[in-house]
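In our numbering, the protein residues as written are 4 to 210.
This is the structure in structure tokens:
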């Protein structure tokens, strides 16, 4: 009886290239606005997008990006409790009770930060529905997305790790193939090897 994939040992790969965010938009959509399929954003791609992005410069939820993210949905309560604040004087009135922000939101796609206007709009493309959430030093804390049909609210997309089945060990070699000459045979060793004297049978035959 053949073993199923569940019976095989599974190795969890911890490299960043195997960590990803799977965005099931249909799960968060109203039926009349649902879209099919699943968008995958690898974590290393998020890090590439942040590499040339600027550090936070203000505490507002509008204006030039990155925007402050006050986490109204309480999706990052544990992360916010451990992060430092960004020094600033302006906090929107509706966020006064939450104090200074500890998170910032970056578009999870290509964005021209250098040429964005004062409203945070890139003339070449929209910022899209997904946001990379970071601390004040651009360290990734997670990813959020606007549900389809809801341009204001956010839902969190949890990080996943690709599980790679461990291949079985190779079978042992046959006994006839286990022995080999440890000395490599080179052209010089063959060319200059002294020739053995002719055998007695050979010399008698041609006298």
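In this text, a Cβ means the ideal position worked out from N, Cα and C, and glycines have one as well.
Please determine, among 83, 121 and 79, the residue with the shortest C-alpha to C-alpha distance to residue 64.
On the chain shown, position 61 is the one that residue 64 refers to. Answer by Cα proximity: 121.
Do residue 135 and residue 146 have their C-beta atoms closer together than 9 Å?
Taking the first residue of the chain shown as 1, we reach residue 135 at position 132. Taking the first residue of the chain shown as 1, we reach residue 146 at position 143. Cβ distance < 9 Å, so residue 135 and residue 146 count as in contact.
Whole angstroms are fine: how far does the CA of residue 162 sit from the CA of residue 58?
The residue given as residue 58 occupies position 55 in the chain shown. The residue given as residue 162 occupies position 159 in the chain shown. If I take the Cα positions, the gap works out to 23 Å.
Given this structure, state the Cα-to-Cα distance separating residue 153 from residue 72, to the nearest angstrom.
The residue labelled residue 153 in the question sits at position 150 within the chain shown. The residue labelled residue 72 in the question sits at position 69 within the chain shown. Cα to Cα, the separation comes out at about 17 Å.
Status (buried if at least 16 other CB within 10 Å, exposed otherwise) for residue 164:
On the chain shown, residue 164 is found 161 positions in, with the first residue counted as 1. Per the 10 Å Cβ criterion, exposed.
Let me know the secondary structure DSSP gives residue 146 once reduced to three states.
Here the question's residue 146 lines up with position 143 in the chain shown. The answer is strand: DSSP assigns residue 146 an E or B state.
Compute the Euclidean distance between the alpha carbons of residue 66 and residue 103, then round it to the nearest angstrom.
Working through the chain shown from its first residue, we reach residue 66 at position 63. Working through the chain shown from its first residue, we reach residue 103 at position 100. Cα to Cα, residue 66 sits roughly 17 Å from residue 103.
According to DSSP, is residue 80 helix, strand or coil?
Residue 80 sits at position 77 when you count from the first residue of the chain shown. The answer is helix: DSSP assigns residue 80 an H, G or I state.
Which residue wins for smallest C-alpha separation from residue 141, given the options 150, 49, 126 and 26?
One-based indexing of the chain shown puts residue 141 at position 138. Residue 141 has its Cα closest to that of 49, out of 150, 49, 126 and 26.
From the DSSP output, in three-state form, read off residue 116 for me.
Counting from one through the chain shown, the residue named residue 116 turns up at place 113. Residue 116: coil per DSSP, three-state reduction.
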